[in-house]
Amino acid sequence: MNESNTAVATREIMYREALNEALKEEMRRNPNVFVMGEGIAERGGSYKVTVDLLEEFGHKRVIDTPISENGFTGTGVGAALTGMRPVVEILFIDFSLLVLDQIINQAAKFKFMSGGTARVPMVLRTQGGVGNGLAAQHSQSLEMLFYHIPGLRVVMPSDAYDAKGLLKSAIRCDDPVIFLEHKLLYMNKTDVPEEEYTIPLGQAKVKKEGKDLTIIAWSGMVPKALEAAHILASQGIDAEVVDPRTLVPLDKETILNSVRKTEHVLIVQEAVRRGGVASDISSIIQEQAFDYLDAPVKILGGLNIPCPFNLNLEELIIPQVDDIVKAAKEVVYKG
Amino acid sequence: MKKYSIDFLSSLYTTMYKIRNFEEQGIKLYRQGHIRGYFHPYWGEEAIATGVCSAMNPDDYITSTHRGHGHCLAWGADLNRMFAELLGKKAGYCKGLGGSMHIADYSKGNLGANGIVGSGTPIAVGAALGASIRGEKKVVATFVSDGGSNIGSFLEGLNLAAAWKLPVIFVIENNQYAVSTPIEDSTGETQLYKRGIGFGVESVRIDGNDVLQVYETAKAFVDRCRKGEGPFLIEAVTFRKSGHHVNDPGLYLPKEKVEYYEKHDPLKIGAEYLRNAGLSDEQLAELQDKVMKEIKVAVDFAVKGEEMSKEEFLNFVEGY
Ligand SMILES: Cc1ncc(C[n+]2csc(CCOP(=O)(O)OP(=O)(O)O)c2C)c(N)n1
Ligand SMILES: [Mg+2]
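Have a look at this one:
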């Protein structure tokens, strides 16, 4: 099945259930797929993504690790290099900073350094984002680190449908994929087909069509952008919401097509504003669609600060629906 | 065992009792919605922080863990500011910006709890390195649990302290679990003191629920650290009194162990020492009463406290 809108039987499931289905299906399909991480076997993972895998696939393929992130991620790299397809889970993206050597110096480089003879078909699953008062060491959005490194794919699904289809493709990908989930999305539900499907890496999706401006958002910012678009519609502004879904490879065509149509762009990013993916997307738009723009590309990002524990202050540091509405209006009224 | 004065034993007991009830009240506040985010109670392990910290000098250093309330309190933290931090209030140790997992008091040598397992260890070694460069006779105690003893930061920090003969006491609070993972599943050597021996560090395994055993072990090591004989490692065997986190019922904890540690409770052992030293039940009740009153005042203080305003916050982060 592909993503065309032919009528298919669907049901509403949660993001975390969609991820769970993807893992199960891929593990059934290929005995070389295995998962490892902290508390993922009996306990089924902190966000319940790996529940029931142990019963079906056993301890050899559903591995609880000690708290040794750099070590077990490295064993994932080694297993991938020798024919396996590991899906390694790191509890929080903040802890992925402990495994950057294995990801950036090792996994991302082998194919290139070997002249194409080595492949590392590994998925690193982790989650980031602000939410629920988890403070500065458990709330970061660090996609930019991985986006910056040649040799990695970076996937950031914003709903259950995308999460399932993209995780399946990530597992089948012959190169390392950084699969970034968002802690506030796990319980969100969307329609997901009963039937098997995959979503190719590198295809953006227009989540809502519109003609007045393009709002580009990914991961946790997509539901907020959609809510903002809804409010804008009631005020006579017809916003289009584009979700790149994968940051690497980036579907420039879908983004540029939307920009050429609406001539106004707002990019919304949860990560801190400085040096983010939004800046890069903005530069691509200005290089390739400058003549279409009716107003400067606007970026709404997180404040350039760590995340505070206090909930009221926490809310302040990342874009909220009202901020998106306000920024969108600034973009269109400038024109 | 040496004879200790009732005053000294009372002070150990008071600290443990304070930690126990701090956690109990904290959990209550959490359930009432006053506290959000992570909350890892230290209860069940009170004797370790209490025994180690009371063997040290006020100008020494400690580093703590994600389960850090007990270390802070044993180090002398103020109850008001502790509760205020848990509630995200301005009067808290970190002005409400850190929360449970990041409480620290740099002005008093508490280099902080840590949200990243194991990351406090090299920091402790660095504090000892600095003190030794400055020629000060400070000692550093660094806490970690069984799970954290498997991470590179801990093992590298241990080796560095051994190589450079630094005055660090590595305290492994072996509560036998890392979240739901029992120690047997995470290492081939569950006698964690042997990690130290492997690096040439004098190491012992003790009953972490017996506050005097912890104190005496720590005191001997602290004194020897000051003479330049460090580092040392203490594996203090203990058990969490509940799940990993406030919201973890801990159903995976084996019943026999839970029951054993229910009896082998650090507070019960501490109270026994007091009785044997001649403290009456009424005197013990008085002592407990005093702590409970302080806690009540502190909870009240924290609940009524102000949060940092948006303006103050934006001022604070100016220049980032
Ligand atoms: C580097 C890192 N990995 C994982 C975590 C998530 N985590 C927080 S506490 C914990 C368990 C820690 O177990 P242990 O070190 O035994 O400490 P205990 O909770 O028993 O005090 C885990 C896995 C983390 N905070 N940091
Ligand atoms: Mg433990």
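Chains as they are written, first to last, in this note's numbering: chain E, 1048 to 1382; chain F, 10 to 329. The C-beta atom is built at its ideal place from N, Cα and C for all residues, glycine as well.
Residue pairing by DSSP puts THR190 (chain F) in a beta bridge opposite F:ALA187.
ASN184 (chain F) has its Cβ nearer than 6 angstroms to a heavy atom of ligand 2. Residue contact with chain F for ASP1111 (chain E): present (Cβ-Cβ distance below 7 angstroms to some residue of chain F). Contact between GLU303 (chain F) and GLY105 (chain F) is ruled out by a C-beta separation of about 21 angstroms, above the 8 angstroms threshold.
Taking 8 angstroms as the cut-off between beta carbons, the residues of the region 185 to 213 of chain F near chain E are ALA187, VAL188, SER189, THR190, ASP194, SER195, THR196, in sequence order. Against chain E, the beta carbon of LEU106 (chain F) has neighbours under 7 angstroms at PRO1355, PHE1356, ASN1357, listed in chain order.
Distances between the C-beta of SER73 (chain F) and the heavy atoms of ligand 1 are all 6 angstroms or more. When the beta-carbon positions are compared, ALA1065 (chain E) and LYS1215 (chain E) stay at least 7 angstroms from each other. When secondary structure is reduced to three states using DSSP, THR196 (chain F) falls in the coil class, being assigned neither helix nor strand.
For ILE1352 (chain E), a Cβ of chain F is located within less than 7 angstroms of the residue's own Cβ. Judged by DSSP secondary structure, ILE1262 (chain E) falls within the beta strand (DSSP E) whose first and last residues are 1260 to 1264. Think of a sphere of 7 angstroms around the beta carbon of HIS1185 (chain E): the chain F residues whose beta carbon falls inside it are GLY124, in chain order. In this structure TYR270 (chain F) is buried. Its beta-carbon is surrounded by 16 or more other beta-carbon atoms within 10 angstroms. THR1301 (chain E) is a Cβ neighbour of ALA1251 (chain E), given a cutoff of 7 angstroms. At least 7 angstroms separates the CB of VAL300 (chain F) from every CB of chain E. Beta-bridge partners assigned by DSSP to SER154 (chain F): F:GLU182. Annotation: Cβ neighbours of ASN1117 (chain E) in chain F (cutoff 7 angstroms, chain order): GLY161. Nearest neighbour of TRP1265 (chain E) by Cα position, chosen from E:PRO1240, E:ALA1217, E:ILE1218, E:ALA1318, turns out to be E:ALA1318.
For the region 304 to 327 of chain F, the residues whose beta carbon sits under 7 angstroms from a beta carbon of chain E are, in order, GLU316, MET317, LYS319, PHE322, VAL326. The beta carbon of GLY279 (chain F) does not come within 7 angstroms of any beta carbon belonging to chain E, so the residue lies off that interface.
Chain-order list of chain F residues neighbouring ASN1179 (chain E): ARG45, GLY46, by C-beta distance under 7 angstroms. The beta carbon of PRO1247 (chain E) is closer than 8 angstroms to those of SER1216 in its chain, skipping five residues each way along the sequence. Between the region 146 to 155 of chain F and the region 213 to 225 of chain F, the count of C-beta pairs closer than 8 angstroms stays below three; the two stretches do not touch. DSSP places ARG1219 (chain E) in the helix class (H, G or I) of the three-state scheme. ALA1272 (chain E) is not a Cβ neighbour of VAL1295 (chain E), given a cutoff of 7 angstroms.
By the neighbour-count criterion, in which 16 or more other beta carbons inside 10 Å mark a residue as buried, HIS1106 (chain E) falls on the exposed side.
Here PRO240 (chain F) carries a coil assignment [DSSP, helix/strand/coil]. The three-state reading of DSSP puts GLY127 (chain F) in coil, since its state is none of H, G, I, E or B. Annotation for ALA245 (chain F) indicates a beta carbon at 6 angstroms or more from all heavy atoms of ligand 2.
VAL1319 (chain E) carries a strand assignment under DSSP once its states are collapsed to helix, strand and coil. With its beta carbon at least 7 angstroms from every one in chain E, TYR115 (chain F) lies outside the interface. In the three-state scheme derived from DSSP, where H, G and I count as helix and E and B as strand, SER1186 (chain E) is classed as coil. The distance from the Cβ of THR1293 (chain E) to that of GLY1249 (chain E) is about 5 angstroms, consistent with a contact at the 8 angstroms cut-off. Of F:LYS277, F:PRO275, F:ARG249, the smallest CA-CA separation from LYS264 (chain F) is found for F:ARG249. Residues of chain E with a Cβ closer than 9 angstroms to the Cβ of HIS49 (chain F) do not exist; the shortest Cβ-Cβ separation is about 12 angstroms.
By a beta-carbon distance limit of 8 angstroms, LEU1227 (chain E) contacts ILE1140 (chain E). Their separation comes to about 7 angstroms.
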